[in-house]
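Peer 1: Have a look at this one.
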Amino acid sequence: MDITAILQSLEAMTVASWVRESDWAFPMIESVHVIALVLVFGTIAIVDLRLLGMPTTSVAFTAIARDCLLWTWAAFGLAVITGALMFVANATSYYDNFPFRMKMLCLVLAGINMAVFELVTFRGVSRWDKDHPVPIAGKIAGTLSLTFWIATITFGRWIGFTKVPF
Amino acid sequence: MGALAEWLAGTQASLAIQDMLWIVPTVQTVHILAMSVVMSSMFMIGLRILNLAGGYHTMTEAARRFLPWMWWALAVNLITGLVLIIGEPWRTLNNPTFWLKMALLAVAVAAAAGFERTLRRDAGFWERRPGDRKTVRVLVATNFLLWCCVIVAGRWIAYTDVPPP
Chain A
1 MDITAILQSL
11 EAMTVASWVR
21 ESDWAFPMIE
31 SVHVIALVLV
41 FGTIAIVDLR
51 LLGMPTTSVA
61 FTAIARDCLL
71 WTWAAFGLAV
81 ITGALMFVAN
91 ATSYYDNFPF
101 RMKMLCLVLA
111 GINMAVFELV
121 TFRGVSRWDK
131 DHPVPIAGKI
141 AGTLSLTFWI
151 ATITFGRWIG
161 FTKVPF
Chain B
167 MGALAEWLAG
177 TQASLAIQDM
187 LWIVPTVQTV
197 HILAMSVVMS
207 SMFMIGLRIL
217 NLAGGYHTMT
227 EAARRFLPWM
237 WWALAVNLIT
247 GLVLIIGEPW
257 RTLNNPTFWL
267 KMALLAVAVA
277 AAAGFERTLR
287 RDAGFWERRP
297 GDRKTVRVLV
307 ATNFLLWCCV
317 IVAGRWIAYT
327 DVPPP
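Now the structure itself:
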């Protein structure tokens, strides 16, 4: 089964035609997607900034990560669900869309960055959790995370200007 | 509002923004990023009030950590929002959803200012009296929903504009 056939079968789903044809479904799903993504970016940015030592290293990194990342994941789940609903409605044109592809690339890069941080740098967190400068690998992870998420949002908004409706 | 939109659409500033096609998407992106800071700052303060996060700092410290971010991000939203109005006056000024968003925003900003005021007057206000916890929970949830409504109305601006005659 080639990719075009898969995309077309996604578009043929009942839920896909509902999103496509309803007057309010797409804007409403898109609105929830925005609520989800602002919480993803905002909560993960708090963790990223702490990796850069902001506002202070006197609060433990693990305490901030514990407070924020649960919500980051919950909001990310909501963004994936709403994003998938918008995708299936017009799968073929999203697949061909340049900013959409760049957005997916940025998401993958953000995921790889997070995985490397979790599996390598975070292992030694007890040495720099509190009142110590974050190691350079952690600072790089924080900077990359902010960069990839800002790029994700930028390409996401760009999709809207290359497709109708925006 | 139609007359105002018509006049604005003819100004040099508006024409310049309409001419440079990258301005509106870029400014919208900055608008979303700043909205993200506003929303998440309120969210983290809400979690601290509900004792669901931020146990390492007091209410006053939590407010000092997040409220300046919220106010500065709101200022960025005001500036980027003005650019978007100047660039697309018909889409905004002549659109009931835009005015609904402004009304919701006014309530949300007043609530944030009120919160800051109560905290400055009486640092223990949001942490005391366990009997009031239910009211506090309702207030935090309402505030969160209010900001959600601001975002929803903001996104719907794109779908409800009345084109120029």
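Protein chains in written order, with the numbering used here: chain A, 1 to 166; chain B, 167 to 331.
Yeah, the Cβ is synthetic: ideal placement off N, Cα and C, and Gly gets one too.
What you are looking at is a predicted structure, and each value in this text was computed from that prediction instead of being measured.
1) Counting only Cβ-Cβ distances shorter than 7 Å, please list the residues of the stretch 10–40 of chain A near chain B, keeping chain order.
2) Measure from the C-beta of isoleucine 46 of chain A to each C-beta in chain B and report whether the shortest distance is under 8 Å.
3) Does DSSP classify alanine 179 of chain B as helix, strand or coil?
4) With DSSP run on the structure shown, which of helix, strand or coil describes arginine 214 of chain B?
5) Alpha carbon to alpha carbon, how far is serine 31 of chain A from leucine 327 of chain B? Give it in angstroms, no decimals.
6) Leucine 244 of chain B to aspartate 2 of chain A, Cα distance in whole Å?
7) Pop quiz: leucine 312 of chain B and leucine 285 of chain B are said to be a contact at Cβ under 8 Å. What is the actual Cβ separation, rounded to whole angstroms?
8) Tell me whether asparagine 217 of chain B is buried or exposed, calling it buried when 16 or more other Cβ atoms sit within 10 Å of its Cβ.
9) Between the Cα of methionine 345 of chain B and the Cα atoms of B:Gly280, B:Glu282, B:Ile251, which residue gives the shortest distance?
10) Under a three-way DSSP split, which group does leucine 119 of chain A fall into?
11) Residues of chain A with CB closer than 7 Å to the CB of proline 191 of chain B, please, in chain order.
12) Hey, could you find the ends of the alpha helix (DSSP H) asparagine 243 of chain B is sitting in?
13) Under 7 Å Cβ-Cβ, which residues of chain B neighbour proline 55 of chain A?
Peer 2: Quick look at the numbers:
1) Pro27, Glu30, Ser31, Val34, Ile35, Val38, Leu39
2) Position 46 of the first sequence, counted from the first residue, corresponds to residue 46 of chain A. Yes, isoleucine 46 of chain A counts as interfacial toward chain B.
3) To locate residue 179 of chain B, count along the second sequence from 1; it is residue 13. Helix.
4) To locate residue 214 of chain B, count along the second sequence from 1; it is residue 48. Correct three-state label for arginine 214 of chain B: helix.
5) Numbered from its first residue, the second sequence carries residue 327 of chain B at position 161. Numbered from its first residue, the first sequence carries residue 31 of chain A at position 31. The question names leucine, but residue 327 of chain B in the sequence shown is aspartate. Straight-line Cα distance between these residues: approximately 16 Å.
6) Position 78 of the second sequence, counting from 1, holds the residue named residue 244 of chain B. Position 2 of the first sequence, counting from 1, holds the residue named residue 2 of chain A. If I take the Cα positions, the gap works out to 48 Å.
7) Indexing the second sequence from 1 puts residue 312 of chain B at position 146. Indexing the second sequence from 1 puts residue 285 of chain B at position 119. No, leucine 312 of chain B and leucine 285 of chain B are not in contact; Cβ-Cβ is about 18 Å, not under 8 Å.
8) Along the second sequence, one-based indexing puts residue 217 of chain B at 51. By the 10 Å Cβ count, asparagine 217 of chain B comes out exposed.
9) The displayed coordinates of chain B run from 167 to 331. Any statement about residue 345 of chain B would go beyond what the structure contains.
10) Residue numbering aside, residue 119 of chain A sits at position 119 when the first sequence is read from its first letter. In the structure shown, leucine 119 of chain A sits in a helix (DSSP, three-state: H, G or I).
11) Translated into the one-based positions of the second sequence, residue 191 of chain B becomes position 25. The answer, in chain order, is Arg157, Trp158, Phe161.
12) The residue you call residue 243 of chain B lines up with position 77 of the second sequence. Looking at the DSSP string, the run of the alpha helix (DSSP H) that includes asparagine 243 of chain B is 225–253.
13) Residue 55 of chain A sits at position 55 when you count from the first residue of the first sequence. Residues of chain B passing the Cβ test: Arg231.
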